[in-house]
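Heads up: the structure comes next, in structure tokens.
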Amino acid sequence: MVKAIHNYLHKDAFEISAHFTLVSLLFNQVGNSFSRPFILCISALALLLANGFKQRLIWLMLTFFTSFRVIHEWPMADNHAYLLALWCLTLFIASCNPAKARMIIGDNGRVVIGLVFLLASVQKLMSADYLDGTFFQYLFLTDNRFEDFTVLFGNVSFQQIYQAQDLLNQYQFSSFSTDKNIVPSSLEFHLLVTISTWWNLIDQLAVACCFLAPVGSYLHRKRDFSLMLFCITTYAVAPVAGFGWLLVSMGLAQCEHNTKIRIAYMSLFFIILFYYEVHIWRILVDFIH
Amino acid sequence: MTFDKLKGLFSYLPIIVFLIIVLHHCYWIFQANLSPWLGGGYGMFSTTDYGPSRYIMVYGLEDNIIKEQIEIPESFSNVARKLRSLPNINNLQELALEMENYLRLSQYGFPHFRIEVWSTRYHKKTLIPSFYLLNKLDHKLVR
Numbered sequence: 069m070v071k072a073i074h075n076y077l078h079k080d081a082f083e084i085s086a087h088f089t090l091v092s093l094l095f096n097q098v099g100n101s102f103s104r105p106f107i108l109c110i111s112a113l114a115l116l117l118a119n120g121f122k123q124r125l126i127w128l129m130l131t132f133f134t135s136f137r138v139i140h141e142w143p144m145a146d147n148h149a150y151l152l153a154l155w156c157l158t159l160f161i162a163s164c165n166p167a168k169a170r171m172i173i174g175d176n177g178r179v180v181i182g183l184v185f186l187l188a189s190v191q192k193l194m195s196a197d198y199l200d201g202t203f204f205q206y207l208f209l210t211d212n213r214f215e216d217f218t219v220l221f222g223n224v225s226f227q228q229i230y231q232a233q234d235l236l237n238q239y240q241f242s243s244f245s246t247d248k249n250i251v252p253s254s255l256e257f258h259l260l261v262t263i264s265t266w267w268n269l270i271d272q273l274a275v276a277c278c279f280l281a282p283v284g285s286y287l288h289r290k291r292d293f294s295l296m297l298f299c300i301t302t303y304a305v306a307p308v309a310g311f312g313w314l315l316v317s318m319g320l321a322q323c324e325h326n327t328k329i330r331i332a333y334m335s336l337f338f339i340i341l342f343y344y345e346v347h348i349w350r351i352l353v354d355f356i357h
Numbered sequence: 260m261t262f263d264k265l266k267g268l269f270s271y272l273p274i275i276v277f278l279i280i281v282l283h284h285c286y287w288i289f290q291a292n293l294s295p296w297l298g299g300g301y302g303m304f305s306t307t308d309y310g311p312s313r314y315i316m317v318y319g320l321e322d323n324i325i326k327e328q329i330e331i332p333e334s335f336s337n338v339a340r341k342l343r344s345l346p347n348i349n350n351l352q353e354l355a356l357e358m359e360n361y362l363r364l365s366q367y368g369f370p371h372f373r374i375e376v377w378s379t380r381y382h383k384k385t386l387i388p389s390f391y392l393l394n395k396l397d398h399k400l401v402r
């Protein structure tokens, strides 16, 4: 087992990244009822066939179906659908040019990650209601996916969250007015909102700077650490594993041929899987209450 | 441009495509109030201006006066979701046509109806919402 893992860690970056991309396509079933069966079949075939991941037809078809999903559903496709389609296109181009595959996936992976994080940061900086904390106040009180986390760290009860949702509904297009507060008057909640707002922005800006920094610079050398830190903290809270797995697959494509970094990325892939399957905040809430 | 240069450019096609997507995304945000959260691949978790904070109101009109509010049938949820994300004239017309068929079948009484798309701004301290109109369309019901 150890020898098998050791051998795997020394494989070509294209092979490792392609494998992890295919596994994430199987784990995170994307697309609609038309494209999903094709994406799943092609991904399974690519993993089952010997050297299936090297076949340009495989990546051409995956590029087609993942792009079809983005274009067909535009503008409602999930954000990671765009990155997935671009990444399948990158792997297709790399499979057409095996001699330069390493360089193609490395350069495209690094620059696209850098640009995505840069634009995500710019969008937050330009947003009318992000920096003042409105966004996270609203998110924590209205998005059920975050309610366990909010209860645990914001010192608010489920009742307060449901009351806030109820009050927001009553304000909709009505002359409703009340003395009750929508936002719970909890110091911990306000601290949680402030930390989430700034951590999310600074972390993403750091990833952007590191991935877009000149090759060989100090920031460039820290890029894998910055991306891993982002994934470990973000996907513990945000249940969007598909994006995390895709970032890990792209991270593996562009990292140095360094066993420790590869082990870290691969471990991260499975950590995200655990985050996704084991609802740790739910368990903690149940345990505390 | 030589073949080698073209081949080199092809290697970076994903970056070029992504930059085109970014320009396209910005165009629709400024041109047609596309929700910044959607349509570009990088806008998530940045604003409250997305699906749950956008509302569609449909009213029956007579002599340009609002007579009653009309509920949007559940079966139009996909069209409505698309309109909330991108309230441009095409999506307004798409929902208007669906509503027209529905209202005609249900023997609806008023000659016109209006579709409005609203967005919400939340007060930064209290979260009390205020609403502003993104786009609207008046549609004549053809009998």
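Which chain is which? The protein sequence lines are P and A, in order.
With the numbering used here as the guide, the letters of the first sequence map in order to residues 69 to 357.
With the numbering used here as the guide, the letters of the second sequence map in order to residues 260 to 402.
All C-beta atoms, glycine included, are put in the ideal place defined by N, C-alpha and C.
- As far as DSSP is concerned, P:Asn-147 takes part in no beta bridge.
- Within the model, the alpha-carbon separation for P:Ala-162 versus A:Leu-272 is close to 11 Å.
- Partner residues in a beta bridge of A:Thr-261, as assigned by DSSP, do not exist.
- Chain P places no beta carbon closer than 8 Å to that of A:Lys-326, leaving this residue out of the contacts.
- Under the three-pair Cβ rule at 8 Å, the region 328-337 of chain P does not count as touching the region 156-171 of chain P.
- Take the alpha-carbon of P:Ala-321 and the one of P:Ser-85: they are about 5 Å apart.
- For the 8 Å CB-CB criterion, A:Tyr-318 and A:Gln-328 form a contact.
- Distances from the alpha-carbon of P:Leu-259 to those of P:Val-224, P:Leu-287 and P:Val-275 put P:Val-224 closest.
- Distances from the alpha-carbon of P:His-140 to those of A:Tyr-309, A:Ser-389 and A:Lys-341 put A:Lys-341 closest.
- Unbroken beta strand (DSSP E) stretches of 3 residues or longer found wholly inside the region 261-328 of chain A: 313-321, given in chain order.
- If you check each beta-carbon in the region 275-288 of chain A against every beta-carbon of chain P, the ones closer than 8 Å belong to Val-276, Phe-277, Leu-278, Ile-280, Val-281 and Trp-287.
- By the Cβ neighbour-count rule, P:Glu-215 is buried, with 16 or more other Cβ atoms within 10 Å of its own.
- Comparing C-alpha distances from P:Cys-278 to each of P:Leu-77, P:Ile-110, P:Phe-185 and P:Leu-93 shows the shortest one belongs to P:Phe-185.
- Residues of chain P whose Cβ lies closer than 7 Å to the Cβ of A:Ser-336 do not exist; the shortest such Cβ separation is about 12 Å.
- P:Met-194 has its alpha-carbon roughly 23 Å from the corresponding atom of P:Asp-211.
- Nearest CB-CB separation between P:Gly-201 and chain A: below the 8 Å threshold.
- Between P:Gln-191 and chain A, the shortest Cβ-Cβ separation is below 8 Å.
- Interface residue (Cβ-Cβ distance to chain P less than 8 Å): A:Arg-340 is classified as such.
- Within the same chain, Cβ atoms closer than 7 Å to the Cβ of P:Phe-204 are found at Val-261, Ser-264 and Thr-265, the five residues on either side in sequence being excluded.
- A residue is called buried once 16 or more other Cβ atoms fall within 10 Å of its Cβ, and P:Phe-217 is buried on that count.
- Listed along chain P are Ile-161, each with a C-beta nearer than 8 Å to that of A:Phe-269.
- Per the DSSP secondary-structure output, A:His-371 pairs in a beta bridge with A:Leu-320 and A:Lys-399.
- In the three-state reduction of the DSSP assignment, P:Phe-102 falls in the coil class.
- Proximity of chain P to A:Leu-272 at the Cβ level (cut-off 7 Å) is accounted for by Leu-157 and Ile-161, in chain order.
- Any Cβ of chain A closer than 8 Å to the Cβ of P:Tyr-198 would place that residue at the interface, and such an atom is present.
- A direct Cα-to-Cα measurement between A:Ser-365 and A:Leu-345 gives close to 28 Å.
- Secondary structure of P:Tyr-230 (DSSP, three-state): helix.
- With a 10 Å radius around the Cβ and a threshold of 16 neighbouring Cβ atoms, P:Val-251 comes out buried.
- Under the three-state reduction of DSSP output, A:Pro-388 falls in the strand class.
- Within the region 265-323 of chain P, the runs of alpha helix (DSSP H) at least 4 residues long that lie entirely inside it are, in chain order, 286-289, 291-305 and 309-322.
- Secondary structure of P:Thr-246 (DSSP, three-state): coil.
- With the rule of 3 Cβ pairs closer than 8 Å, the region 143-153 of chain P does not count as touching the region 343-356 of chain P.
- Contact between A:Thr-261 and P:Tyr-206 fails: their C-beta atoms lie close to 54 Å from each other, not under 8 Å.
- Taking C-alpha positions only, A:Asn-349 is separated from A:Ile-324 by approximately 24 Å.
- Among the bridge pairs identified by DSSP, A:Thr-379 is matched with A:Phe-390.
- Under the 10 Å beta carbon count, P:Asn-100 is surrounded by fewer than 16 other beta carbons and is classified as exposed.
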